[in-house]
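In UniProt numbering, the protein residues as written are 1 to 310.
One structure is given here, and the rest of the page talks about it.
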């Protein structure tokens, strides 16, 4: 008698032809992969243990068949504490409308709660209207847009703004402490006590792993003007790219070119690494930020859909 169970996927499961067959129904670029190439890619993406893949399989005697899968990640951030983010959630088209998607979504919500995340965040392509309806039925709402840049062009910046990389936090703790006020303008997940604050930023940079840029006035005052936190990321939609967790300008220093200076620094790093993609998420209500991203060459590529835990 067959059983349908939810399990974390190991290397044996991702090597099953049915795993690739289901996943490429969502990510068409996987059509070019053999089963072994796909298994190797997924193992590489999950090396950090922050990225994971799980799903529903049917066990019938010695045979195991993948029916549905989810590819997701949990990692520390300045805004939410722990961010539980689902990149892919898909059900075999032959097995849909039998409750498998609902079962898998509920299990992801359980995992998110267990790891201390305040919400579950799910990335969804703009044109995937069937998925939109499914997630709306289950109480998810569009909370943000994913902006995507695939052509690196640096804008002109002011000489009075200097961007420094303080990712070696032990050597730059004095600057790190001075960034707290700016991050607190946007990051309610951060502690207001200096010791937990610095520990939390170290945790983000080490576990991400992430890098931290600070914009400073290029004068004797050396005022901290803005902060960016970014990481090198890799998933099936964008391949390898830079993901910007935070891009924050001091609310009293806006329209002075601070955001562009920080963005140029990330563009320069993308070019150094041979990448041409940068992505970031922005709350639906941040209209002023959206205008800035469009001026910098970004376009909206995905919806971010969220369910917040009570």
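Cβ atoms here follow ideal geometry from the backbone N, Cα and C, with glycine treated the same way.
| query | Three or more beta-carbon pairs under 8 Å between the stretch 166-185 and the stretch 137-150, yes or no? | reply | The stretch 166-185 makes no contact with the stretch 137-150; the number of CB pairs closer than 8 Å stays below 3.
| task | Would you mind sorting residue 101 into buried or exposed? The rule is 16 or more other CB atoms within 10 Å of its CB. | result | The sequence position of residue 101 within the chain shown is 101, counting from 1. Looking at its Cβ environment, which holds 16 or more other Cβ atoms inside 10 Å, residue 101 is buried.
| task | Using beta-carbon positions only, say whether residue 70 and residue 104 come within less than 8 Å of one another. | result | Translated into the one-based positions of the chain shown, residue 70 becomes position 70. Translated into the one-based positions of the chain shown, residue 104 becomes position 104. Yes. Within cutoff.
| task | Give every residue of the same chain whose Cβ lies closer than 6 Å to the Cβ of residue 280, excluding the five residues on either side of it in the sequence, and list them in chain order. | result | To locate residue 280, count along the chain shown from 1; it is residue 280. Once the five neighbours on either side are set aside, the close Cβ partners of residue 280 are 147, 244.
| field | Chain-order list of residues whose beta-carbon lies under 6 Å from that of residue 39 (same chain, five-residue window excluded) | value | On the chain shown, residue 39 is found 39 positions in, with the first residue counted as 1. Same-chain partners within the cutoff: 14, 15.
| message | Under DSSP, the alpha helix (DSSP H) around residue 8 begins and ends at which residues? | response | Along the chain shown, one-based indexing puts residue 8 at 8. That residue, residue 8, is in no alpha helix (DSSP H); its beta strand (DSSP E) goes 3-8.
| task | Please go through the stretch 121-208 and give each complete alpha helix (DSSP H) segment of 4 or more residues, from N-terminal end onward. | result | Entirely contained in the stretch 121-208, the alpha helix (DSSP H) runs reaching 4 residues are, in chain order, 129-137, 173-178, 180-184, 194-207.
| task | Please say whether residue 88 and residue 22 have beta carbons closer to each other than 8 Å? | result | As a first step, residue 22 must be located in the chain shown, where it is residue number 22. As a first step, residue 88 must be located in the chain shown, where it is residue number 88. Contact flag unset, no.
| Opposite residue 305 in the DSSP bridges: which residues? | For this step, residue 305 is matched to residue 305 along the chain shown. For residue 305, which the question treats as bridged, DSSP gives the partners 122, 142.
| request: Starting from residue 216, follow its DSSP beta bridges and name the residues at the other end. | output: Working through the chain shown from its first residue, we reach residue 216 at position 216. For residue 216, which the question treats as bridged, DSSP gives the partners 162, 224.
| said: Do residue 266 and residue 278 have their beta-carbon atoms positioned less than 8 Å apart in this structure? | reply: Here residue 278 corresponds to residue number 278 of the chain shown, with the count starting at 1. Here residue 266 corresponds to residue number 266 of the chain shown, with the count starting at 1. Result yes, Cβ atoms of residue 278 and residue 266 sit closer than 8 Å.
| message | Output needed for residue 159: all residues of its chain with C-beta closer than 8 Å, excluding positions within five of it in sequence on either side, in chain order. | response | In the chain shown, residue 159 corresponds to position 159, counting from 1. These residues qualify, in order along the chain: 218.
| query | Can you tell me whether residue 46 is buried or exposed, with buried defined as 16 or more other CB within 10 angstroms of its CB? | reply | Position 46 of the chain shown, counted from the first residue, corresponds to residue 46. Buried: at least 16 other Cβ atoms inside 10 Å.
| Who does residue 46 pair with in a DSSP beta bridge? | For the purposes of this step, residue 46 is taken as residue 46 along the chain shown, with counting starting at 1. Note: residue 46 is not bridge-paired with any residue in the DSSP secondary-structure output.
| First through last residue of the beta strand (DSSP E) which encompasses residue 75 | Here residue 75 refers to the residue found at position 75 when the chain shown is read from its first residue. Counting along the chain, the beta strand (DSSP E) containing residue 75 begins and ends at 63-77.
| message | Within the continuous beta strand (DSSP E) that includes residue 52, where are the two ends? | response | The residue given as residue 52 occupies position 52 in the chain shown. First-last of the beta strand (DSSP E) with residue 52: 51-60.
| Length of the line joining the Cα atoms of residue 206 and residue 112 | Within the chain shown, the letter at position 206 stands for residue 206. Within the chain shown, the letter at position 112 stands for residue 112. Each residue's Cα considered, the two are about 21 Å apart.
| request: Kindly identify the DSSP beta-bridge partner or partners of residue 81. | output: By 1-based counting over the chain shown, the position of residue 81 is 81. According to DSSP, residue pairing for residue 81 in a beta bridge involves 77.
| request: Tell me residue 244's beta-bridge partners as DSSP assigns them. | output: Taking the first residue of the chain shown as 1, we reach residue 244 at position 244. 230, 280.
| request: Work out the CA separation of residue 76 and residue 203 for me, nearest whole Å. | output: Position 203 of the chain shown, counting from 1, holds the residue named residue 203. Position 76 of the chain shown, counting from 1, holds the residue named residue 76. C-alpha separation (whole angstroms): 7 Å.
| query | How many whole angstroms separate the CB atoms of residue 149 and residue 298, which I take to be in contact at a CB cut-off of 8 Å? | reply | Here residue 149 is taken as the residue at index 149 of the chain shown, counted from 1. Here residue 298 is taken as the residue at index 298 of the chain shown, counted from 1. The Cβ separation is near 5 Å, so the contact holds.
| the stretch 220-236 / the stretch 256-270 touching (three or more Cβ pairs under 8 Å) | yes
| task | With distances taken Cα to Cα, identify the nearest neighbour of residue 121 among 168, 305, 51. | result | As a first step, residue 121 is located in the chain shown; it is residue number 121 there, counting from the start. Ranking the options by Cα distance to residue 121, first place goes to 305.
| field | Beta-carbon gap between residue 2 and residue 58 smaller than 8 Å | value | Indexing the chain shown from 1 puts residue 2 at position 2. Indexing the chain shown from 1 puts residue 58 at position 58. It is a contact, given that the beta carbons lie within the stated cut-off.
| Identified DSSP bridge partners for residue 239 | Position 239 of the chain shown, counted from the start, is the residue given in the question as residue 239. 235, per the DSSP bridge assignment.
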